[in-house]
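K.L.:
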Amino acid sequence: MADLRGVVFDAYGTLFDVYSIGQRAEQHFPGMGAAISTIWRDKQIEYSRLVTLSDPSASGSRHYQTFWELTRAALVYSLQKLNLSFAAAEIDDLMSGYARLDAYPECLSVLQALRSCGLVTAVLSNGSPDMLRAASDSSGLTPWLSHRISVDSVRQFKTSPACYALAPQVLGLSTESLLFVSSNGWDVVGARWFGFRTCWVNRQGLPFETIGERPHARKLGAPRAYGAIRPRLGAVCIGFVRARMDLGRHADCWIGASHMRVGSTPTTSGCHSSQSRAVLRSPSHCQCAACGARRRAPVTGRRTD
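Just so you know, we're using the working numbering here: the sequence shown kicks off at 2 and counts up by one.
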């Protein structure tokens, strides 16, 4: 397996909290903010798929609209579905807020830690270039992102392979040397089918998709600086997790078990069982409670979350 050279992040829902806009919507439509943000997001993704699937040509969809345009259309739909009266000024204000969504609190330190390990960091997003620039600038993430890659240039949206192909093309790195990180299960499946190593950030506490291969790693947390963890080891430090990429079917058992005290029982999704736990049985070994498999603990240290 190729050494890890870079980490590529989805933007919306992964780095930027798409549901934080609900607070702003609540100011305009009391009691409806959460519903608006949920319908808005669902319709935004639905429109992106409609545009791509209706004309998946190599030259781009003839139905293509920018993600900004689709986002605005999805907002109007969500308000109409909820039978809410609205003015153009309210649409403009909500779109202004969407342009500068809050970043999740751990993202800055995660990017800093990855860069300190010598890894390339990038965003690969459905967002238009202007959207990505505004969001990363306002959140302070821009200095820690090597590249902001928009699907705008191929006039399709993820999960089109043409979109995923942009990352190795722009970064000049092999697909196998990149880890793709997303909070969207469908995005993780598409990225893995394309050939990336993948990390699923399950921000909504959802089950993983029931088709496609499982992600290589499933944790993103507030990091400490683990300078000794290098890509050549076949490992990546995402937060306090060192998730080895060659653990086979027990991989998830060990993710999150690395920094636990003896006898602790972090819940994981090991062995493809949502009920399994990886238990650190001794300072040097951990055991999967779902299947009984034992393995030398991959890292020592203190849990930081």
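Ideal Cβ placement from N, Cα and C applies to all residues, glycine included.
These numbers were taken from a predicted model, which means no experiment stands behind them.
(1) Would you mind reading off the limits of the beta strand (DSSP E) that contains P123?
(2) Can you tell me the Cα-Cα spacing of M33 and L80, whole angstroms?
(3) For the 8 Å Cβ check, are there 3 or more pairs between the stretch 129–143 and the stretch 2–19?
(4) Could you tell me the alpha carbon to alpha carbon distance between I92 and S175, rounded to whole angstroms?
(5) With distances taken between CB atoms, is the gap from R193 to P216 smaller than 8 Å?
(6) What is the C-beta distance between I37 and L102, in whole angstroms, given that I count them as a contact (C-beta under 8 Å)?
(7) Would you report the Cα separation of V124 and H148, rounded to the nearest angstrom?
(8) What is the rounded straight-line gap between the Cα of N203 and the Cα of L146?
(9) Once you ignore the five residues that flank H273 on each side, which residues in its own chain have a CB closer than 6 Å to its CB?
(10) So, is V336 buried or exposed, given that buried needs 16 or more other C-beta atoms within 10 angstroms?
(11) Please work out which residues of its chain come closer than 7 Å, Cβ to Cβ, to R105, disregarding the five sequence neighbours upstream and downstream, and give them in chain order.
(12) Could you check the C-alpha separation between L1 and G98 for me, to the nearest Å?
(13) Quick one: what does DSSP say C164 is sitting in, helix, strand or coil?
(14) Please confirm if the stretch 156–171 is in contact with the stretch 112–128, defined as three or more CB-CB distances below 8 Å between the two stretches.
(15) Quick one: residues in its chain with C-beta nearer than 6 Å to the C-beta of G213, no 5 flanking neighbours on either side, listed in chain order?
(16) DSSP three-state call for V8: helix, strand or coil?
(17) Which of the three DSSP states is assigned to R156 in this structure?
(18) Closest by CA to G141, which one among G119, L51, V111?
(19) V321 and C164: beta carbons closer than 8 Å?
(20) Skipping 5 residues on each side, what residues in its chain have a beta carbon closer than 7 Å to that of V155?
(21) State the Cα-Cα distance for the pair R42 and I22, rounded to the nearest angstrom.
(22) DSSP three-state call for I150: helix, strand or coil?
(23) Is it buried or exposed, R198, if we count other Cβ atoms within 10 angstroms and call 16 or more buried?
(24) Which runs of the alpha helix (DSSP H) fall wholly inside the stretch 31–76 and span at least 4 residues, in chain order?
(25) Measuring only the C-alpha atoms, how far is Q66 from V52?
(26) Could you spell out where the alpha helix (DSSP H) holding W187 opens and where it closes?
(27) Tell me the rounded alpha-carbon separation between G186 and A88.
(28) Helix, strand or coil for C95, going by three-state DSSP, please let me know.
(29) Confirm the yes/no value for this check: CB of A166, any heavy atom of the ligand GTP, distance under 7 Å.
(30) Rounded to the nearest angstrom, what separates A75 and L180 at their Cα positions?
(31) Could you give the C-beta distance for S178 and D4, rounded to a whole number, given that I count them as a contact under 8 Å?
P.N.:
Taking the structure as given:
(1) Note that residue 123 corresponds to Ala in the displayed sequence, not to Pro. Note, A123: beta strand (DSSP E), 121–126.
(2) 10 Å
(3) yes
(4) C-alpha separation (whole angstroms): 42 Å.
(5) yes
(6) The beta-carbon distance between I37 and L102, rounded to whole angstroms, is 14 Å. This is too long to meet the 8 Å contact definition.
(7) 6 Å
(8) 22 Å
(9) Bear in mind that a pLDDT of 34 at H273, under 50, signals an unreliable position, so the model cannot answer this.
(10) The shown model of the chain, from 2 to 306, leaves out residue 336, and the question about it has no answer.
(11) Residue identity differs from the one stated: residue 105 is Tyr in this sequence, not Arg. Within the same chain, Y105 has close Cβ partners L16, D18.
(12) Residue coverage of the chain in this structure runs from 2 to 306, which leaves residue 1 outside it and unanswerable.
(13) helix
(14) Inter-segment contact for the stretch 156–171 and the stretch 112–128 is present: three or more beta-carbon pairs are separated by less than 8 Å.
(15) Excluding sequence positions up to five before and after G213, its CB lies within less than 6 Å of the CB of V190, all in the same chain and listed in chain order.
(16) DSSP places V8 in strand when its eight states are reduced to three.
(17) R156: coil per DSSP, three-state reduction.
(18) V111
(19) As displayed, the chain neither begins before 2 nor continues past 306, which places residue 321 out of reach and without an answer.
(20) Here the set comprises G61, A163, C164, L167.
(21) 10 Å
(22) strand
(23) R198 is buried by the Cβ-count criterion.
(24) DSSP assignment within the stretch 31–76 yields the following whole alpha helix (DSSP H) runs of 4 residues or more, N-terminal first: 34–54.
(25) 8 Å
(26) Annotation for W187: the continuous alpha helix (DSSP H) segment containing it runs 186–195.
(27) 35 Å
(28) Cys is not the amino acid found at residue 95; the sequence shown has Leu there. Reduced to three states, the DSSP call for L95 is helix.
(29) Absent from the structure shown: the ligand GTP. Ligands present: none.
(30) L180 has its alpha-carbon roughly 30 Å from the corresponding atom of A75.
(31) 6 Å
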